[in-house]
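Notes to accompany the following structure.
Protein chains: 2
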Amino acid sequence: MSLPGADAPPVSGQELALLFRRVSRFMSRISHRCDHAHHAQARVLGIVRERGSISQAELLDLLDVRSSSLSELLGKLERAGLITRTRNEQDRRGFLVSVAGGEAGAVAPGPDMDREGAESVFACLGEDERRQLAGLLSRLVETLEREPSGLGDGLGFGPGGGLRRGCMGRGRECAARGGRPGRRSRTE
Amino acid sequence: MSLPGADAPPVSGQELALLFRRVSRFMSRISHRCDHAHHAQARVLGIVRERGSISQAELLDLLDVRSSSLSELLGKLERAGLITRTRNEQDRRGFLVSVAGGEAGAVAPGPDMDREGAESVFACLGEDERRQLAGLLSRLVETLEREPSGLGDGLGFGPGGGLRRGCMGRGRECAARGGRPGRRSRTE
DNA sequence: TATTGTTATACTCTATAACTATA
DNA sequence: TATAGTTATAGAGTATAACAATA
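In the order they appear, the protein sequences are chains U and C. Per full-length UniProt numbering, the first sequence runs over residues 1 to 188. Per full-length UniProt numbering, the second sequence runs over residues 1 to 188.
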């Protein structure tokens, strides 16, 4: 056997998950600050910069959050002078998000840390390793996206075991029927 | 050339980061609910269950959060009847965290989703692939942990570019000198 | 004094629900 | 009616700072 580690002990999903979390944690920290603060804003800004300008709807898909969450993020970035929103004149319901003209958005405050940070995290991997990792991760993503839900429904957490759930595969903003205004279901 | 994808285009750090985030997202959702809600509690509970009982200090190291954050988490789990905290009689400053006796903690509400969820996420990978992935991730973690900080200091985000920073490698709870009580530095 | 943990406060991110404007 | 987005409200997670108890 010349394959390295061919008869090594098997790796559990939990071990992988742990490793994953640790790397994620580094990504988050590096991506912006200590931990997760502003992380989402940085991500949005990174995408907008890459695209130059992008419809809010498309942004919604890329980020995979609710429109209300995106609204808030964009509001902050706009107030900070980093992006601008202009109405799409073809379909006046939508907006086009772009980097703020001239100074602020394009160069100034938020550096391209989403790119630089990402590079620095994976800097220790060679080209082949990157391809390997990308291949494995792609497989995971594809598989997970294909699965309709994959896990049955018995994930109830917390006493009372309510948990309604209505996520993953959204139909017009999730649309969980039941539950009182402004609340998720049952918390703590 | 017989190596698969040997002359494929190189993979950027950003691409890897994106893949990473997507998988993380699935892990989070599966790990508990829709997104990240209760995720941290589930993680704590998972660790406590695995160990049977564990000192709060050790838990702190494993989770890599501030003691105040852990305090809050443990408070919620304790109020939910999932864990108990007992004083360490040898050193009465510390607590020992354990699964709540009998019903609640050990079996009842929070299933072992940290384990089941993790397995389900990585189910599509064979043994060799798991080892491969684990190897790559371990390399990343080790490298990132070795680096003293790795990124210089010029990550200022937001206008004003304050950002003090005093994280990563904590000396008695971060100890960021400067900054007003209860505030981080400058927000939005 | 140093260590261990708690409490008060603040802030990001995300969600649901209800709403407005446009198609 | 359906789609695109906003606003109000709520709650999780995490942080800093100040404090209490123990060593």
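Heads up, the beta-carbon is just placed ideally off N, CA and C, and yes, glycines get one too. All of these numbers come straight from a predicted model, not from anything done at the bench.
When the alpha-carbon of C:A40 is set against those of C:S12, C:L74, C:T84 and C:L19, the nearest one is in C:L74.
For U:V44, none of the residues of chain C pass the 8 Å Cβ criterion, the least Cβ distance being about 13 Å. Within the same chain, N88, G94, F95, L96 and V97 come within 8 Å of U:S55 by CB-CB distance, once the 5 residues on both sides are set aside.
For the options U:T143, U:E119 and U:A100, the alpha carbon positioned closest to that of C:L16 is the one of U:E119.
Each residue's CA atom was taken as its position, placing C:L62 and U:S12 some 18 Å apart. Partner residues in the beta bridge of U:F95, as assigned by DSSP, are U:R87. Annotated as proximal: C:V23 and C:V121, with beta-carbon spacing under 9 Å.
Relative to U:R139, the option among C:A123, C:L136, C:G81 and C:V141 whose CA is nearest is C:A123. Within the same chain, and ignoring the five residues on either side of U:L60 in sequence, the residues whose Cβ sits closer than 7 Å to its Cβ are S67 and L70. Between U:T84 and U:E78, the C-beta gap is smaller than 9 Å, which places the two residues in contact.
In the three-state reduction of the DSSP assignment, C:S55 falls in the strand class. The CB of C:V48 never comes closer than 9 Å to any CB in chain U; the least such distance is about 15 Å.
Proximity of C:V97 to chain U, defined by a Cβ-Cβ separation below 9 Å, is not satisfied. DSSP places C:V23 within a helical segment (H, G or I) once states are collapsed to three. By the Cβ neighbour-count rule, U:G126 is exposed, with fewer than 16 other Cβ atoms within 10 Å of its own. Between the alpha carbons of U:A42 and U:G81 lies a gap of roughly 14 Å.
Going by beta carbons, U:Q132 and C:Q132 fall inside the 9 Å limit.
The C-beta of U:A8 has fewer than 16 other C-beta atoms within 10 Å across all chains shown, which makes the residue exposed.
From the listed residues U:V99, U:P10, U:V65 and U:D64, the smallest Cα separation to U:E50 is found for U:V99. Taking C-beta atoms as the reference points, C:L136 and U:L136 count as a pair closer than 9 Å.
Flagged as an interface residue toward chain U: C:Q14, by a C-beta distance shorter than 9 Å.
By the C-beta density criterion, U:G52 is exposed, having fewer than 16 other C-beta atoms within 10 angstroms. Think of a sphere of 9 Å around the beta carbon of C:T84: no beta carbon from chain U falls inside it, the nearest being about 15 Å out.
Using a Cβ-Cβ cut-off of 8 Å, U:A100 is close to nothing in chain C; its nearest Cβ partner there is about 11 Å away.
The contact set of C:S138 on chain U, defined by CB atoms closer than 7 Å, consists of L19 in chain order.
Neighbours of C:A40 in chain U, taken as residues whose beta carbon is under 9 Å from its own, are absent, since the nearest beta carbon is some 11 Å off. Listed in chain order, the non-local C-beta contacts of C:R130 below 7 Å within the same chain comprise F122, local neighbours out to five positions each way being set aside. Where U:L70 is concerned, the enclosing alpha helix (DSSP H) starts and stops at S67 to R79. Rounded to the nearest whole angstrom, the C-alpha separation of C:V65 and U:R92 is 45 Å. Contact check for C:V141 and U:L19: beta-carbon distance about 6 Å, within the 8 Å limit, so the pair qualifies.
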